[in-house]
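Report on one structure; see the data block that follows.
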């Protein structure tokens, strides 16, 4: 390289480095964060009588676990501070009769309210709970005693009819697109079975499922960072994890945090089908007390070195994978 | 060679030193003398600080209660707008604002239904401005009336020390297709109800100028502050204005004000006066509101023919003479199905 080229190169390097004057590190910590939520075995057991009046089986069935809503908040208060159950901190109330917002930093679910292809099932079906459509038919017809009724007022007892109705109404051709049943081999055993659902029984007989906070902004204690010089995303106290399961109503089987299936959610208006499928309320994590009812279960413990510790998990290292437990059942 | 290197380094220094240190003002329209970007509207002289929500039961009362202002660019990156204060009446209050002239999008569905087919007319996209309406308790308003436009956000700090902005505007505005908490598009009126106003408490309304017309940068706006809900205003206007889609344009008339460049008077003007309105603008809006008959195309043809017959020309993107403004676009550009 001759002298002229060399100097030109230096000049260009200087230009490019200075032209980058607007390059700005925003200081944001954004990560996909994962954890595990544990639901006590009792929550998966439906008590009462079946359609024939016989006591229900004591065997657990994760179909009885509603959508689990998980959020990250500035802090979580223990039971009997904000509500009778552990509850995220609440922002200021500035309107009469409207409770303050919890202002969650983010959230996710394990299972969500799905369009279930029949009006009779609106607001009653969670994804990741049924191995196949036959399991759905048995759960509603035989166990809950709430027959699935078709648009022409016939009882639907065939799983295949549910499946074909879904394919027809959603205009799809695979279970993966419907996402009501097990559709992917999550554990890699080359089978589609109960081990591929959202919740799987663990060694303690409880049920656990993985949750993912996609591209989550991490928030931490600003005072602690200033005063102690901790490193955000590594060892500064971060946000708290809180969760609850919206358990199906003991009588109707509906989820409380579901907007009325009469006018919300996926709409079907085709031949003799004319209904809305229902959907999750948009502010379930913002104002959870509006939707948490008797029988729902709320997070109250987290796993620390093999021991359950009472309270909310405080996330520090973004690569941690906390395990939280929904151990507080909401009583009347 | 040395000169070349020096020039390169000098250029690098200039670029580097400028860094992020620029305002971006040059990207926005320049200020217009006599037409402020920010204005605070008070009642007519001697009537105090607060506008009084008007009781409107007739077209005459509606026209008398309408206030007109003209807004220009701020000349900077800051947004402009008009503000006004009023005191709560112990009941609902409606605020209705109509920027010039009328909303339309040239995008037409590939297979529009019978209603939409009637709206496939050539619009002049350069004569419309956009107002976004907000209102709430004056205590929450962060702007300086007549100086700088603000908002109704307050910041709460959570227990981790992170600021959480909270929107405290207390009226819900609806979009063109009745979406809550949305703002209408360019040229279309915006309205909102404050469901209950506390008696004697001060409220602030903000008409934020989202965009000014591209042809002259002077945005005419008509607005009212009325007792009761906006739904009660349906059918009051003799021009046929209601709160329904499209006909809402005709509740408040004459908001497109002819520019007086010699002695600009941006207002506020109190009460309707047809003499202030830009010639042809009201006829355009009336045709628009009666568009169910599909007469917009006919109106646009007539407008173009009248211009031609008088020896004039239509001007759209740039006005060399305000008298040449046509409210329709070029009939040759009438959108067809599937146009964007």
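Residue numbers (my numbering), protein chains in the order written: chain U, 16 to 347; chain C, 54 to 393.
Virtual Cβ for every residue (Gly too), placed ideally from N, Cα, C.
Note that this is a predicted model, so its numbers are computed, not measured.
Query: Beta carbon proximity, residue 215 of chain C to chain U, threshold 8 Å; Result: yes
Query: Within-8 Å CB hit, residue 267 of chain C to chain U; Result: no
Query: Length of the line joining the Cα atoms of residue 118 of chain C and residue 277 of chain C; Result: 6 Å
Query: 8 Å Cβ cutoff met for residue 226 of chain U and residue 85 of chain U; Result: yes
Query: Chain A within 8 Å of residue 211 of chain C, Cβ atoms only; Result: Absent from the structure: chain A. Protein chains present are U and C.
Query: Beta-carbon proximity list for residue 54 of chain C, same chain, < 7 Å, skipping 5 on both sides; Result: Low per-residue confidence applies at residue 54 of chain C: pLDDT is 46, beneath 50, and the placement is therefore not dependable, though the value from the model is reported in the following sentence. Counting only Cβ-Cβ distances below 7 Å, and skipping sequence neighbours, we find nothing.
Query: Contacting residues, own chain, Cβ-Cβ under 8 Å from residue 253 of chain C (five flanking each side not counted); Result: 140, 141
Query: Residue 280 of chain U versus residue 261 of chain U - alpha carbon distance; Result: 18 Å
Query: Same chain, Cβ closer than 8 Å to residue 357 of chain C, five either side skipped, listed in chain order; Result: 367, 379, 381, 383, 384
Query: Touching by the beta-carbon criterion (3+ pairs, under 8 Å), the stretch 279 to 296 of chain U and the stretch 119 to 134 of chain U; Result: yes
Query: Alpha carbon of residue 121 of chain U to alpha carbon of residue 207 of chain U, nearest angstrom; Result: 31 Å
Query: Which of helix, strand or coil DSSP assigns to residue 294 of chain U; Result: strand
Query: Interface partners of residue 237 of chain U on chain C, CB under 8 Å; Result: 213, 214, 215
Query: Contact list for residue 109 of chain U against chain C, beta-carbon separation under 7 Å; Result: 221
Query: Terminal residues of the beta strand (DSSP E) in which residue 192 of chain U lies; Result: That residue, residue 192 of chain U, is in no beta strand (DSSP E); its alpha helix (DSSP H) goes 190 to 193.
Query: Residue 284 of chain C versus residue 150 of chain C - alpha carbon distance; Result: 14 Å
Query: Contact set for residue 91 of chain C: own chain, Cβ-Cβ below 7 Å, skip 5 residues either direction; Result: 127, 133, 134, 199, 200, 201, 202
Query: Closest by C-alpha distance to residue 223 of chain U, when choosing among U/51, U/76, U/44; Result: U/51
Query: Extent of the continuous alpha helix (DSSP H) to which residue 177 of chain U belongs; Result: 174 to 185
Query: Contacts around residue 77 of chain C, its chain only, beta-carbon distance under 6 Å, and the 5 residues preceding and following it disregarded; Result: 130
Query: Test item: CB-CB of residue 269 of chain C and residue 372 of chain C under 8 Å; Result: yes
Query: DSSP-derived helix/strand/coil call for residue 95 of chain U; Result: coil
Query: Residues sharing a beta bridge with residue 201 of chain C, DSSP; Result: C/197
Query: Residue 106 of chain U at chain C interface by Cβ criterion, 8 Å; Result: yes
Query: Where residue 49 of chain U sits in the DSSP three-state scheme; Result: strand
Query: Residues, ordered as in the chain, of the stretch 75 to 89 of chain U that lie near chain C by beta-carbon distance below 9 Å; Result: 88, 89
Query: DSSP state of residue 124 of chain C mapped onto helix, strand, coil; Result: strand
Query: Alpha carbon of residue 93 of chain U to alpha carbon of residue 314 of chain U, nearest angstrom; Result: 10 Å
Query: Beta-carbon spacing of residue 330 of chain C, residue 352 of chain C below 8 Å; Result: no
Query: Cβ-Cβ separation, residue 340 of chain C to residue 308 of chain C (assumed contact under 8 Å), whole Å; Result: At roughly 16 Å, the Cβ-Cβ gap does not stay under 8 Å, so residue 308 of chain C and residue 340 of chain C are not in contact.
Query: Near-chain C residues of the stretch 118 to 145 of chain U (beta-carbon distance less than 9 Å), N- to C-terminal order; Result: 118, 120
Query: With 16 other Cβ atoms within 10 Å as the buried cut-off, status of residue 231 of chain U; Result: buried
Query: Residue(s) in a DSSP beta bridge with residue 187 of chain C; Result: C/259
Query: Beta-carbon contacts of residue 139 of chain U that lie in its chain and below 6 Å, excluding the five residues immediately before and after; Result: 268, 269
Query: Cutoff 7 Å; reference residue 95 of chain C; Cβ partners in own chain excluding five residues on either side; Result: 102
Query: Nearest-angstrom Cβ-Cβ length linking residue 109 of chain C and residue 289 of chain C, presumed shorter than 8 Å; Result: 6 Å
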